[in-house]
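J.: Quick one: the structure is below, and I'll ask about it shortly.
In our numbering, the protein residues as written are 121 to 260.
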């Protein structure tokens, strides 16, 4: 036999009342997500700079840091110096990881219509693809 529920559900809220925790807008969530992806890409870029210093990596790291700072309302990303370790096989893995991270950041940048971040991440994807091509061809 069915008995009706007599008490109010703990999950329901009255219309018009606000909850005790803050809510973020979709744009704020995308900013947080994009900043995270760009910060991860910056960390990999810094590691690549330690293993194989290059002017284009230095410039990319600076631009990535600027974007992360912009998305985090002026808070600069934490950057740790990385010492060189296993250059050759490790370098290719870092380029693949950086390419993947740049791709993820590009998707988020496109969804929030952030042209500057989208252009930067697309450029980074191209750069990491180009860095991998000679290694990939030599491996086959």
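Using N, Cα and C, we set each Cβ at its ideal position, and we do this for glycine too.
Bear in mind that the values here come from a model prediction, so they are computed numbers and not experimental data.
Where do the ends of the alpha helix (DSSP H) carrying residue 157 lie?
T.: One-based indexing of the chain shown puts residue 157 at position 37. Element bounds for residue 157: 146-171.
J.: If you run the structure through DSSP and keep just helix, strand and coil, what is residue 200?
T.: The sequence position of residue 200 within the chain shown is 80, counting from 1. Here residue 200 sits in coil by DSSP.
J.: Just checking my contact of residue 179 with residue 169 at CB under 8 Å: how many whole Å lie between their CB atoms?
T.: For this step, residue 179 is matched to residue 59 along the chain shown. For this step, residue 169 is matched to residue 49 along the chain shown. About 10 Å; that fails the 8 Å criterion.
J.: Count Cβ pairs between the segment 245-253 and the segment 213-220 that sit closer than 8 Å; are there 3 or more?
T.: Touching, per the Cβ criterion.
J.: Along the chain, where does the alpha helix (DSSP H) that runs through residue 178 open and close?
T.: Indexing the chain shown from 1 puts residue 178 at position 58. 175-191 is the extent of the alpha helix (DSSP H) around residue 178.
J.: Spatial neighbours of residue 164 within its chain, please: CB distance less than 7 Å, with the 5 preceding and 5 following residues excluded, ordered by chain position.
T.: In the chain shown, residue 164 corresponds to position 44, counting from 1. Only 214, 217, 218, 221 meet the Cβ criterion.
J.: Could you tell me whether the Cβ atoms of residue 155 and residue 188 are closer together than 7 Å?
T.: By one-based count along the chain shown, residue 155 stands at place 35. By one-based count along the chain shown, residue 188 stands at place 68. In contact: residue 155 and residue 188 (Cβ atoms closer than 7 Å).
J.: Assign residue 167 to buried or exposed, taking buried as 16 or more other Cβ atoms, counted over all protein chains shown, within 10 Å of its Cβ.
T.: As a first step, residue 167 must be located in the chain shown, where it is residue number 47. Answer is buried; the Cβ neighbour count reaches 16.
J.: Helix, strand or coil: how does DSSP classify residue 234 here?
T.: If you number the chain shown from 1, residue 234 lands on position 114. Look at residue 234 here: in three-state DSSP terms it is coil, with no helix or strand label.
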